[in-house]
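Protein chains in written order, with UniProt numbering: chain A, 1 to 235; chain B, 1 to 377.
What follows is a set of notes on a single structure, which appears directly below.
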Amino acid sequence: MTDMVTLAVPSKGRLKEQFDAYLGTAGIALKQTAGARGYRATVEGHPGIDVMLLSSSEIAASLANGDVHLGVTGEDLIREAAPELDRRIALLQPLGFGFADVVVAVPASWIDVSTMADLDDICAAYATRHKKRLRIATKYTQLTRSYFASAGISDYRIVPSAGATEGAPTAGTAEAIVDITTTGSTLKANGLKILDDGVILKSQATLAQSLMAEWSAEQRSAAAAFLVPLGVSLK
Amino acid sequence: MPSFPTYGPDEIAALDGVANAVLGVFGAKGYTRHEPAILQPAHLFVDRSGEDIRRRTFELTDPSGQELCLRPDLTIPTCKWQVESGNPYPARLCYHGPAFRHQPGAGQFWQAGAELLGLPDRAAGDAEMMGLAAEAVRAGGVNNFSMIVGDLGLFNTLIDALDVPAQWRGRLKRHVWRTGYFEKLLARMVAGEGSDAERTVDKLAGLKLMELKPTIENMIDAAGDAPLGGRTRDEIIERLTLQACEGESVRLDADVADLISEFLKVSGPCEEALERLRALTKPVAVKMLKPLSAMADRLHALKSMDIDPARVRFVAHFGRNLEYYTGFVFEFWTHSGEVAGGGRYDTLMETLGAPRGTTAVGCAIRTERLIAARAAQ
C-alpha cells in the first residue's frame, strides 16, 4: 500500500459529479471499493493509484501536509491551506468547473464605500470612533490577511466564521465579510455589495500535486501514466 | 521553523549582567520595574496594532475558547497596567523579559524597555527617552553606535498644511511608512479614482448644504433593508458631507504630490537633512516652523548626550512598523544590527482608557543584541 499514489477527490456533491465527468471525457472511470464505506476507490487500468474520497477542505489540508500525492479541490481552499504555495503545492491544471470568486463584500447601505481604499478609510475612522476594530467575518483567514495587507489595511480584525458568513453583518457579529460567491445573488439577498477591487481570487476546481508528499520513482511514473490522458504532467 | 536555543551558564550570566546594567540606568532615573504576564489576551494587541501584528504573534486558544497570545511586546500590557492601576501621571515604568514574534531565527527574544507616560511636555519627554536609551546602550557596554531618527508628526503637519483633499489626509498619514504602496497611493490620488463612491460624491457636490443630509438619507434608504454593519447612519452622512464640501472629481495636485515625494526622500546626516526640509517646505514655511524647530532642538540635545550629530541620520519616511507610533522615532544601530529603538505613541493610552491627550514615549533595548554587539566591538 505504501508505494501507491494517493489521489484525493471530492466525496460528494456537484464537484464530485463534475470531476467524474471530466475523467470520463478522457476515458477514465473511478470504481468505488465495496466494504470501504465508500471512502475509497480504484482507477481501472491504474492499479498504482489509490483514490480517497474526502471533503473539499480536507483535500486542501492533505495536499498541504503531504498526506496525499494528488488532489482535486477549489483553488480558494488550496491557497487558504497553504499560504506559501510554491514550496508545498503545485497547481497542475484548472479544471473548468467549480467556479467561485473570493470577494470582499460590505453592506450595500455604505454608499460612501466602493473600493478597498474607501474601506481602509472606514476601518481607521471606525477604530477612532468606536474604540474597537472593524470586524471582517470569513473562513478565509489567510487570504484575507494577505489581501488586506497588500491593500494597506491593518485597522481591522478577523472574526472566524464557519458558515453562513454572508449573514454576519445583519446578525451584528461583523461589519463586513470575505466569502465566496458564484452569481452574487446570496450576497445581494443579504444586503451586501462587492467592492470594485474586492475580488481576491477567481477560483475554480483545480488538479494539484503535493510537493510535501514523498515521491518515489515508481510513484512518479504511476502518477505520470495516470495523468497522460488528461494532458497533464507532474512538477 | 524557528530555532530553540538553550542558554548555558555563561550566556545567562551575560544576559543578567546586561539586563542589570540597563535596568540600573532606568532605576537611577526613577523608572520602577513592572513585569506584565507573558500570557496575554490576544485582543489586547490585535485591537491596538491591527491584523498585521497578528501574523507575527504566537496565538493559542485556551480550553474555554478564549484567544490568548504570547506577548509580542511589553509596551501595551505595561501601559494597560498603568491605566488600570489608577496611579498618578507622569508615570515612569520599566521592564526586562522575553517577548515573542514569528520572525527568522528564534521566535523568542529578550528586551528591556522604559515607558514615560503622561508627561505633558513632549519635547522634554522625547529628550529624556532618547538620553535614557543612549545611556542604557552604553551601560550595556556598547559605545560605538549610530542613530536613525524620524518624526511622523513632521509629515502629518506637512499634509495638513498642503492643499490636500480632506478625505485623503488620513490615508496619506496612515500609509506613509509603507514604501511602494505609498507611491502608488499618491499616483492614484493624482489620477483620481473614478469609483462608484466618487460618482456619489460628484452627485452630491452640486447640492446646497441643507439639501445634503436628506439626499444622502434617501440614497442609504435606496439600498433597501441592507444592514448598517456596526456603522451609524450619521457616520455615513458625515463622511459624504465632508467629501461633498470638497467639490466634485477630487484630484491631488501633481505639484503637491511631487513635494510630498521629495519630502519623503530626504535622508542623510541630520543637520543637512533639516536644511533640505526647510528649503523644500518653503511654500508652507509658517506652519512647518514649529515642528522643524522642535526637531532642531532634539538634535541639539544629542550633543549634550555626547552623541556626534554626524552619526545621526534623519530619514523622513522613517516610522516604526508597529503602527501605534505617532511622532518622534529613533533607533540605535551597530555593525551587528539594531540594538535599541523607541519613540512617541500618543494615541495608545487613550485607546486603553486613559484620559484624552495622555502622552506616551518609550524605548526598547534588545539586550541579547547588545551582548552580540559588545562582542563584535
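Positions of the beta carbon are idealized from the N, C-alpha and C atoms, including for glycine.
Check whether B/Val339 and B/Phe145 have beta carbons under 8 Å apart: Numbered from its first residue, the second sequence carries residue 339 of chain B at position 339. Numbered from its first residue, the second sequence carries residue 145 of chain B at position 145. Taking 8 Å as the Cβ cut-off, B/Val339 and B/Phe145 qualify as a contacting pair.
C-alpha distance - B/Ala197 paired with A/Arg157, whole-angstrom precision: Taking the second sequence and counting its residues from 1, the one referred to as residue 197 of chain B is at position 197. Taking the first sequence and counting its residues from 1, the one referred to as residue 157 of chain A is at position 157. Rounded to whole angstroms, the gap between the alpha carbons of B/Ala197 and A/Arg157 is 24 Å.
Start-end ranges of the beta strand (DSSP E) lying completely within the segment 4-66 of chain B, minimum 3 residues: Listed in chain order, the beta strand (DSSP E) runs fully inside the segment 4-66 of chain B are 39-41 and 59-61, counting runs of at least 3 residues.
Assigned exposure category for B/Ile12 - 16 Cβ within 10 Å defines buried: Locating residue 12 of chain B in the second sequence gives position 12, counting from the first residue. The residue is exposed, with fewer than 16 neighbouring Cβ atoms inside 10 Å.
Coil, strand or helix - A/Phe99 by DSSP: Reading the first sequence from its first residue, position 99 is the one you call residue 99 of chain A. For A/Phe99, the secondary structure class from DSSP, reduced to helix, strand or coil, is coil.
Own chain partners of A/Ala41 with C-beta closer than 7 Å, once the 5 adjacent residues on each side are dropped: Within the first sequence, numbered from 1, the residue matching residue 41 of chain A stands at position 41. Only Leu30, Lys31, Gln32, Thr33, Val51 and Leu53 meet the Cβ criterion.
Pairwise C-alpha distance: B/Asn156 and B/Phe330: Indexing the second sequence from 1 puts residue 330 of chain B at position 330. Indexing the second sequence from 1 puts residue 156 of chain B at position 156. Rounded to whole angstroms, B/Phe330 to B/Asn156 spans 17 Å at the Cα level.
C-beta neighbour in chain B for A/Gly198, strict 8 Å: Taking the first residue of the first sequence as position 1, residue 198 of chain A is located at position 198. Not a single C-beta of chain B is nearer than 8 Å to the C-beta of A/Gly198.
Residues near A/Gly27 by beta carbon distance below 8 Å, same chain, minus five either side: Translated into the one-based positions of the first sequence, residue 27 of chain A becomes position 27. Cβ neighbours of A/Gly27 within its own chain (closer than 8 Å, five residues either side excluded): Pro229.
Test: A/Asp20 CB closer than 8 Å to a CB of chain B: Taking the first residue of the first sequence as 1, we reach residue 20 of chain A at position 20. Contact with chain B is absent for A/Asp20, since none of that chain's Cβ atoms lies less than 8 Å from the residue's Cβ.
Distance CB(B/Thr179)-CB(B/His317) smaller than 8 Å: The residue given as residue 179 of chain B occupies position 179 in the second sequence. The residue given as residue 317 of chain B occupies position 317 in the second sequence. Closer than 8 Å, so yes.
Minimum Cβ-Cβ distance from B/Thr75 to chain A less than 8 Å: As a position in the second sequence, residue 75 of chain B is number 75, starting the count at 1. For B/Thr75, the answer is no, since every Cβ of chain A falls outside 8 Å of its Cβ.
Inter-residue spacing [alpha-carbon to alpha-carbon] between B/His34 and A/Arg145: As a first step, residue 34 of chain B is located in the second sequence; it is residue number 34 there, counting from the start. As a first step, residue 145 of chain A is located in the first sequence; it is residue number 145 there, counting from the start. Here the C-alpha atom of B/His34 lies approximately 34 Å from the C-alpha atom of A/Arg145.
Under 8 Å between C-beta atoms of A/Glu166 and A/Asp3: Mapped onto the first sequence, residue 166 of chain A falls at position 166. Mapped onto the first sequence, residue 3 of chain A falls at position 3. In this structure, A/Glu166 sits away from A/Asp3, with a CB-CB distance that is not shorter than 8 Å.
For B/Glu84 and B/Cys69, believed in contact at Cβ under 8 Å, the rounded distance: As a first step, residue 69 of chain B is located in the second sequence; it is residue number 69 there, counting from the start. As a first step, residue 84 of chain B is located in the second sequence; it is residue number 84 there, counting from the start. No, B/Cys69 and B/Glu84 are not in contact; Cβ-Cβ is about 19 Å, not under 8 Å.
In chain order, each alpha helix (DSSP H) run of at least 4 residues that lies wholly inside the segment 211-248 of chain B: For the segment 211-248 of chain B, whole alpha helix (DSSP H) runs of length 4 or above, ordered along the chain, are 233-245.
Within chain B, partners of A/Tyr126 - CB distance below 9 Å: The sequence position of residue 126 of chain A within the first sequence is 126, counting from 1. Near A/Tyr126 (Cβ distances below 9 Å), the residues of chain B are Gly230, Arg231 and Glu235.
Min CB distance A/Val102 to chain B below 8 Å: Here residue 102 of chain A refers to the residue found at position 102 of the first sequence. No, A/Val102 lies away from the interface with chain B (no Cβ there is under 8 Å from its Cβ).
Neighbour-count burial assignment, B/Met295, 16 or more Cβ in a 10 Å radius: For this step, residue 295 of chain B is matched to residue 295 along the second sequence. B/Met295 is classed as buried because its beta carbon has at least 16 other beta carbons within 10 Å across all chains shown.
Span of the beta strand (DSSP E) around B/Tyr181: Along the second sequence, read from residue 1 onward, the residue named residue 181 of chain B stands at position 181. Run containing B/Tyr181: none in the beta strand (DSSP E); it sits in the alpha helix (DSSP H), Tyr181 to Ala191.
Within 8 Å, strictly: CB atoms of A/Phe19 and A/Val5: As a working mapping, residue 19 of chain A is identified with position 19 in the first sequence. As a working mapping, residue 5 of chain A is identified with position 5 in the first sequence. Judged by their CB atoms, A/Phe19 and A/Val5 are not nearer to each other than the 8 Å cut-off.
Continuous alpha helix (DSSP H) assignments of at least 4 residues falling wholly in the segment 340-368 of chain B: Whole alpha helix (DSSP H) segments, 4+ residues: 348-351.
CA-to-CA distance, B/Gln167 to B/Arg276, given in whole angstroms: As a first step, residue 276 of chain B is located in the second sequence; it is residue number 276 there, counting from the start. As a first step, residue 167 of chain B is located in the second sequence; it is residue number 167 there, counting from the start. For B/Arg276 and B/Gln167, the gap between their C-alpha atoms comes out near 29 Å.
Same chain, Cβ closer than 7 Å to A/Tyr147, five either side skipped, listed in chain order: Taking the first sequence and counting its residues from 1, the one referred to as residue 147 of chain A is at position 147. Contacts found: Ile200.
Residues near A/Leu91 by beta carbon distance below 6 Å, same chain, minus five either side: The count along the first sequence starts at 1 and reaches residue 91 of chain A at position 91. Thr206 and Ala208, listed in sequence order.
Three-pair Cβ contact test at 8 Å for the segment 351-371 of chain B versus the segment 98-116 of chain B: Three or more Cβ pairs closer than 8 Å define a contact, and the segment 351-371 of chain B meets that threshold against the segment 98-116 of chain B.
Under 7 Å (Cβ pairs) to chain A, residues found in the segment 14-39 of chain B: Hits within the stretch: zero.
C-beta neighbour in chain B for A/Gly191, strict 8 Å: Taking the first residue of the first sequence as position 1, residue 191 of chain A is located at position 191. At least one chain B Cβ lies under 8 Å of A/Gly191.
Collapsed DSSP secondary structure at A/Gln93 in the structure displayed: By one-based count along the first sequence, residue 93 of chain A stands at place 93. Residue state, collapsed to three classes: strand.
Where A/Asn190 falls, given that 16 or more other Cβ within 10 Å makes a residue buried: Locating residue 190 of chain A in the first sequence gives position 190, where the first residue counts as 1. It counts as buried.
Minimum Cβ-Cβ distance from B/Tyr181 to chain A less than 8 Å: As a working note, residue 181 of chain B is residue 181 in the second sequence. At a cut-off of 8 Å between C-beta atoms, B/Tyr181 counts as an interface residue with respect to chain A.
Any chain E beta carbon closer than 8 Å to B/Arg101: Any reference to chain E falls outside this structure, whose protein chains are A and B.
CB contact check: B/Ala244 to chain A, cutoff 8 Å: Locating residue 244 of chain B in the second sequence gives position 244, where the first residue counts as 1. Chain A, which has no Cβ nearer than 8 Å to the Cβ of B/Ala244, makes this no.
Closer than 7 Å at the beta carbon, the chain A residues around B/Ile260: Taking the second sequence and counting its residues from 1, one reaches residue 260 of chain B at position 260. Within chain A, no C-beta atom comes less than 7 Å from the C-beta of B/Ile260; the nearest is roughly 16 Å away.
Between the CA atoms of A/Asp120 and A/Arg14 - distance to the nearest angstrom: Mapped onto the first sequence, residue 14 of chain A falls at position 14. Mapped onto the first sequence, residue 120 of chain A falls at position 120. In this model, A/Arg14 and A/Asp120 are separated by some 37 Å (Cα to Cα).
Proximity test, Cβ basis, 8 Å: B/Thr281 and chain A: The sequence position of residue 281 of chain B within the second sequence is 281, counting from 1. No, B/Thr281 does not count as interfacial toward chain A.
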